[in-house]
Amino acid sequence: GFSPEELIDFFALTGDSVDNIRGVKGIGEKTAAELVREFHSLENLYQHLDRVRENLREKLQAHRADAFLSRELVELCREVPLKFQLEDFRVKEPDREKLVRLFRELEFNKLLSEYSAASAEVKRGDYKLVLDQAALDELVRELANAGEFAFDLESTSLNPLQAEPVGFSFATSVGRAFYLPFGHKLMLGEQQLLRQQVFAKLKPILESEQAHKIGQNLKYDYMVLQSAGIELKGIKFDTMLASYLLNPRRKTHNLHDLALEHFGHKMLTFEDVTGKGKNQKLFSEVDLQSACQYSAEDADLAFRLYKKLAPLLEKSGLEKIYYEMELPLAFVLGRMELAGVKVDASKLRALSSELAEKEAALQKEIFELAKGEFNLDSPRQLAEVLFSRLNLPPSKKTKTGYSTSFEVLQELAAKHPLPAKIIAYRTLSKLRNTYTDALIQLIEPRTGRLHTSYNQAVTATGRLSSSNPNLQNIPTRTPEGKKIREAFIAEQGFKLLAADYSQIELRVLAHFSEEPALLEAFARGEDIHARTAIEVFGVKPDEVTPELRRRAKVINFGILYGMSDFGLAQELGIDQKEAKKYIDAYFQRYPRVSEFLDRILAEARKSLRISTLMGRHCHFPDINSQNQMVRKAAEREAVNAPMQGSAADIIKAAML
Numbered sequence: 001g002f003s004p005e006e007l008i009d010f011f012a013l014t015g016d017s018v019d020n021i022r023g024v025k026g027i028g029e030k031t032a033a034e035l036v037r038e039f040h041s042l043e044n045l046y047q048h049l050d051r052v053r054e055n056l057r058e059k060l061q062a063h064r065a066d067a068f069l070s071r072e073l074v075e076l077c078r079e080v081p082l083k084f085q086l087e088d089f090r091v092k093e094p095d096r097e098k099l100v101r102l103f104r105e106l107e108f109n110k111l112l113s114e115y116s117a118a119s120a121e122v123k124r125g126d127y128k129l130v131l132d133q134a135a136l137d138e139l140v141r142e143l144a145n146a147g148e149f150a151f152d153l154e155s156t157s158l159n160p161l162q163a164e165p166v167g168f169s170f171a172t173s174v175g176r177a178f179y180l181p182f183g184h185k186l187m188l189g190e191q192q193l194l195r196q197q198v199f200a201k202l203k204p205i206l207e208s209e210q211a212h213k214i215g216q217n218l219k220y221d222y223m224v225l226q227s228a229g230i231e232l233k234g235i236k237f238d239t240m241l242a243s244y245l246l247n248p249r250r251k252t253h254n255l256h257d258l259a260l261e262h263f264g265h266k267m268l269t270f271e272d273v274t275g276k277g278k279n280q281k282l283f284s285e286v287d288l289q290s291a292c293q294y295s296a297e298d299a300d301l302a303f304r305l306y307k308k309l310a311p312l313l314e315k316s317g318l319e320k321i322y323y324e325m326e327l328p329l330a331f332v333l334g335r336m337e338l339a340g341v342k343v344d345a346s347k348l349r350a351l352s353s354e355l356a357e358k359e360a361a362l363q364k365e366i367f368e369l370a371k372g373e374f375n376l377d378s379p380r381q382l383a384e385v386l387f388s389r390l391n392l393p394p395s396k397k398t399k400t401g402y403s404t405s406f407e408v409l410q411e412l413a414a415k416h417p418l419p420a421k422i423i424a425y426r427t428l429s430k431l432r433n434t435y436t437d438a439l440i441q442l443i444e445p446r447t448g449r450l451h452t453s454y455n456q457a458v459t460a461t462g463r464l465s466s467s468n469p470n471l472q473n474i475p476t477r478t479p480e481g482k483k484i485r486e487a488f489i490a491e492q493g494f495k496l497l498a499a500d501y502s503q504i505e506l507r508v509l510a511h512f513s514e515e516p517a518l519l520e521a522f523a524r525g526e527d528i529h530a531r532t533a534i535e536v537f538g539v540k541p542d543e544v545t546p547e548l549r550r551r552a553k554v555i556n557f558g559i560l561y562g563m564s565d566f567g568l569a570q571e572l573g574i575d576q577k578e579a580k581k582y583i584d585a586y587f588q589r590y591p592r593v594s595e596f597l598d599r600i601l602a603e604a605r606k607s608l609r610i611s612t613l614m615g616r617h618c619h620f621p622d623i624n625s626q627n628q629m630v631r632k633a634a635e636r637e638a639v640n641a642p643m644q645g646s647a648a649d650i651i652k653a654a655m656l
């Protein structure tokens, strides 16, 4: 080898074809390396050519000018003026404050946790165990005198219907918190009060309207305590719901992430005290000192967050919607979750068997059409059958091969019977796996009911969602889907009552835009889609066909969701020019709607948010993005948000 400084002389001899540098003709890398190792520089080599063998010496003499020119071309210019010193390149410690601010803004919680310095604002404070009757009596007196306190309930499960309480934590002021265990498996030398003692003493204060409670996701605690015979009252503040109202686009609103965001404080995690994997313990098996540090910190941070978030709600003008809508609604939802929905499990099992039989029959037909068996759940194998075996024309390509999506299969169905059978098979398979079989597994054995979770802090516009299972997504359009709905039943002697607002988002649009034609149509109780068909297509009332009404309905809701002429063309199966003509006609007949949507976009671009009818804020941080696709998506969301968010507010108000 040779030194890095000698690399220039090496290239001067070999040349570099990439940069069109000649070098010395006839000298390769091996010979050049030997010469550089022996002579170290081009000058020294040419001063001692007598020491080089004859045939090589002749090449060097013949191409001397090329060698020195090549070195000049290879050599870096060292006369460039530099505005920095070598010292500037010394590795420096990062600016942690700037990093933390950036990580908070981008919600990089893992990095935020790593870079947050130990917070001076939050230090684990005066956390005490309450282990005997005297300490419990003193705690109850302190809670009563405090007027407000944060609390958290530790239990055996995240499922509130299966959870058994094992301890309470309370915080009466910043840094002062207690843990009261009563359901732990005690270790040698440990003691705790009996559950009956604790509940008898705490029940009056937990059920008191005068004792104001603060916590994180208090709906969970409410449900667990309700099952344990305590009606939690006097709820003053839920930090999760406050965070959601302040920043509905935040991905998570859990206590640990909020502590990081607002205080730069890394809390103890559940795994810190219970362990991980196969060796993970139940919380009831954690030693009392560790349990105290973990649980009391939860109550302490909830109290601190209350002190920080409550003024932010007031400053943002969100107090009314928080205290009068979101907070009380949480416990309406809790009661709904506890009540659950009764389902006929036998009907679901029968339907599952029926679907499985239909799947098997379809599978047989598919294999006959495909001239052989293959894995129906493998897109790659299906693509091989469609495009290689049957020679059907492929349309879209993915990273793994040709697409077999629903849209592609729909196109191919006109050319061969197999794609239609695949669509039918996938539909039945999804109904069975996603609904009949999954719903059966989710039935709570103790109640025979489905207890879905109604999620209050998820969507950007305030709409409720549900999960485990998603009851808002039960299919209705197919005969099999309708049979799934029929499995949801009332108790004997009762009936299920369905209630909904008719075309609520279109009514909100009429209210906001003050469009006379829409207001008049709703005031008269007209069919709004038929009215739009009359206005847009220029037909008489008796000329509105079902197809025209369907098109008008697509236009009505397309306008609500900021649909472009391209999107409308796709939805209606028409060309883009015709779709643009429909949209132009709509805005010509409803000019106030066009003006209102323009105002919404202008407001969103200016303030990065819009407000709903009841003052909820919907945020659009990407509305001024330089990326057109991102910006257009944000604009569509902004156009729809006042209607969707206001409709959500109205529904929530009706539930209280």
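Going by the working numbering, the sequence shown opens with residue 1, and the numbers climb by one from there.
Note that the Cβ used here is the ideal one computed from N, Cα and C, for glycine as well.
*Pick out the complete alpha helix (DSSP H) segments inside the segment 388 to 426, 4 residues or longer, and give them in chain order.*
406 to 412
*Is Ser-243 helix, strand or coil when you go by DSSP?*
For the purposes of this step, residue 243 is taken as residue 243 along the sequence shown, with counting starting at 1. Helix at Ser-243.
*Terminal residues of the continuous alpha helix (DSSP H) containing Tyr-294?*
Taking the sequence shown and counting its residues from 1, one reaches residue 294 at position 294. Start and end: 288 to 315.
*Enumerate in chain order the residues of its own chain whose CB-to-CB distance from Val-554 is below 8 Å, with the five nearest sequence positions on each side excluded.*
Start at 1 with the first residue of the sequence shown, and residue 554 comes out as number 554. Leu-568, Glu-571, Leu-572.
*Euclidean distance between Cα positions of Arg-592 and Asp-542*: Here residue 592 corresponds to residue number 592 of the sequence shown, with the count starting at 1. Here residue 542 corresponds to residue number 542 of the sequence shown, with the count starting at 1. If you take the alpha carbons of Arg-592 and Asp-542, they lie about 27 Å apart.
*Is it true that the segment 264 to 279 meets the segment 332 to 349, where meeting means three or more beta-carbon pairs spaced less than 8 Å apart?*
no
*C-alpha gap between Tyr-582 and Val-544, whole angstroms*: Taking the first residue of the sequence shown as 1, we reach residue 582 at position 582. Taking the first residue of the sequence shown as 1, we reach residue 544 at position 544. Looking at the two C-alpha atoms, the distance is approximately 15 Å.
*asked:* According to DSSP, simplified to helix, strand and coil, what is Glu-231?
replied: Taking the sequence shown and counting its residues from 1, the one referred to as residue 231 is at position 231. Three-state result, Glu-231: coil.
*Rounded to whole angstroms, what's the CA-CA distance from Glu-535 to Leu-506? Just pull it up for me.*
To locate residue 535, count along the sequence shown from 1; it is residue 535. To locate residue 506, count along the sequence shown from 1; it is residue 506. Roughly 16 Å separates the two Cα atoms.
*asked:* Classify Pro-160: buried if its beta carbon has 16 or more other beta carbons within 10 angstroms, exposed otherwise.
replied: In the sequence shown, residue 160 corresponds to position 160, counting from 1. Burial call: buried.
*asked:* If you measure between the beta carbons of Val-166 and Gly-183, is that distance less than 8 Å?
replied: Here the question's residue 166 lines up with position 166 in the sequence shown. Here the question's residue 183 lines up with position 183 in the sequence shown. Result yes, Cβ atoms of Val-166 and Gly-183 sit closer than 8 Å.
*Beta carbon of Arg-104, beta carbon of Asp-9: below 8 Å?*
On the sequence shown, position 104 is the one that residue 104 refers to. On the sequence shown, position 9 is the one that residue 9 refers to. Against a cut-off of 8 Å, the Cβ pair of Asp-9 and Arg-104 comes out as no contact.
*Nearest CA to the CA of Asn-254: which residue from Leu-348, Met-240, Leu-82?*
Indexing the sequence shown from 1 puts residue 254 at position 254. It is Met-240.
*Can you pull the DSSP bridge partners for Asp-126?*
Mapped onto the sequence shown, residue 126 falls at position 126. Answer is Arg-176, bridged to Asp-126.
*Enumerate, from N- to C-terminal direction, the unbroken alpha helix (DSSP H) stretches of 4 or more residues contained entirely within the segment 126 to 210.*
133 to 146, 195 to 206
*Start-to-end residues for the alpha helix (DSSP H) that takes in Ile-528*: Taking the first residue of the sequence shown as position 1, residue 528 is located at position 528. Start and end: 528 to 537.
*Assess, as a yes-or-no matter, whether the segment 491 to 504 is touched by the segment 453 to 464 under the definition of 3 or more beta carbon pairs within less than 8 Å.*
no
*Helix, strand or coil at Asp-66 according to DSSP, with G and I counted as helix*: Translated into positions along the sequence shown, residue 66 becomes position 66. In the structure shown, Asp-66 sits in a helix (DSSP, three-state: H, G or I).
_Closest residue to Leu-136 among Leu-309, Leu-312, Lys-203, Val-100 (Cα-Cα distance)_ = Stepping through the sequence shown from its first residue, residue 136 is reached at position 136. The shortest Cα separation from Leu-136 among Leu-309, Leu-312, Lys-203, Val-100 belongs to Lys-203.
*Name the DSSP beta bridge partners of His-256, please?*
Your numbering for residue 256 matches position 256 in the sequence shown. None, per the DSSP bridge assignment.
*Got a sec, what are the start and stop residues for the alpha helix (DSSP H) Arg-335 sits in?*
Here residue 335 is taken as the residue at index 335 of the sequence shown, counted from 1. Start and end: 327 to 339.
*N-terminal and C-terminal residue of the alpha helix (DSSP H) that Ser-607 is part of*: By one-based count along the sequence shown, residue 607 stands at place 607. Here the alpha helix (DSSP H) through Ser-607 covers 591 to 607.
*Specify whether the segment 312 to 326 and the segment 607 to 623 touch according to this definition: at least 3 beta carbon pairs, one from each stretch, less than 8 Å apart.*
yes
*Give every residue of the same chain whose Cβ lies closer than 6 Å to the Cβ of Ala-296, excluding the five residues on either side of it in the sequence, and list them in chain order.*
Here residue 296 is taken as the residue at index 296 of the sequence shown, counted from 1. For Ala-296, where only same-chain residues beyond five positions count, the Cβ hits under 6 Å are Tyr-127, Ser-169, Ala-177, Tyr-179.
_Residue(s) in a DSSP beta bridge with Glu-444_ = Start at 1 with the first residue of the sequence shown, and residue 444 comes out as number 444. Arg-449, per the DSSP bridge assignment.
_Cβ pair Thr-274, Val-286 closer than 8 Å_ = Counted from its first residue, the sequence shown places residue 274 at position 274. Counted from its first residue, the sequence shown places residue 286 at position 286. Taking 8 Å as the Cβ cut-off, Thr-274 and Val-286 qualify as a contacting pair.
*Is it buried or exposed for Ala-118, if we count other Cβ within 10 angstroms and need 16 for buried?*
Numbered from its first residue, the sequence shown carries residue 118 at position 118. A caution first: Ala-118 carries a pLDDT of 46, below 50, which makes its placement in the model unreliable, though a value can still be read off. Answer is exposed; the Cβ neighbour count stays below 16.
*Alpha-carbon to alpha-carbon, Arg-549 and Ala-530*: Within the sequence shown, the letter at position 530 stands for residue 530. Within the sequence shown, the letter at position 549 stands for residue 549. If you take the alpha carbons of Ala-530 and Arg-549, they lie about 5 Å apart.
*Going by alpha carbons, who is nearest to Phe-68 out of Phe-283, Thr-452, Leu-99, Gly-15?*
The sequence position of residue 68 within the sequence shown is 68, counting from 1. Cα-wise, what sits closest to Phe-68 is Gly-15.
*How many angstroms separate the CA atom of Gln-191 from the CA atom of Asp-257?*
Counted from its first residue, the sequence shown places residue 191 at position 191. Counted from its first residue, the sequence shown places residue 257 at position 257. Gln-191 and Asp-257: Cα-Cα distance of roughly 33 Å.
*To which residues of the same chain is Ala-163 closer than 7 Å at the C-beta, ignoring the five residues directly before and after it?*
Translated into positions along the sequence shown, residue 163 becomes position 163. Once the five neighbours on either side are set aside, the close Cβ partners of Ala-163 are Ser-155, Thr-156, Ser-157, Val-224.
_Nearest-angstrom Cα separation, counted from Val-80 out to Arg-90_ = By 1-based counting over the sequence shown, the position of residue 90 is 90. By 1-based counting over the sequence shown, the position of residue 80 is 80. Whole-angstrom Cα-Cα distance: 21 Å.
*Since I believe Ala-638 is in contact with Ala-604 (beta carbons under 8 Å), could you give me their beta-carbon distance rounded to a whole number of angstroms?*
Within the sequence shown, the letter at position 604 stands for residue 604. Within the sequence shown, the letter at position 638 stands for residue 638. At roughly 4 Å, the Cβ-Cβ gap stays under 8 Å, so Ala-604 and Ala-638 are in contact.
_Cut-off 7 Å between Cβ atoms - residues of its own chain near Cys-77, not counting five sequence neighbours on either side_ = For the purposes of this step, residue 77 is taken as the residue at position 77 of the sequence shown. So the list is empty, once near-sequence residues are dropped.
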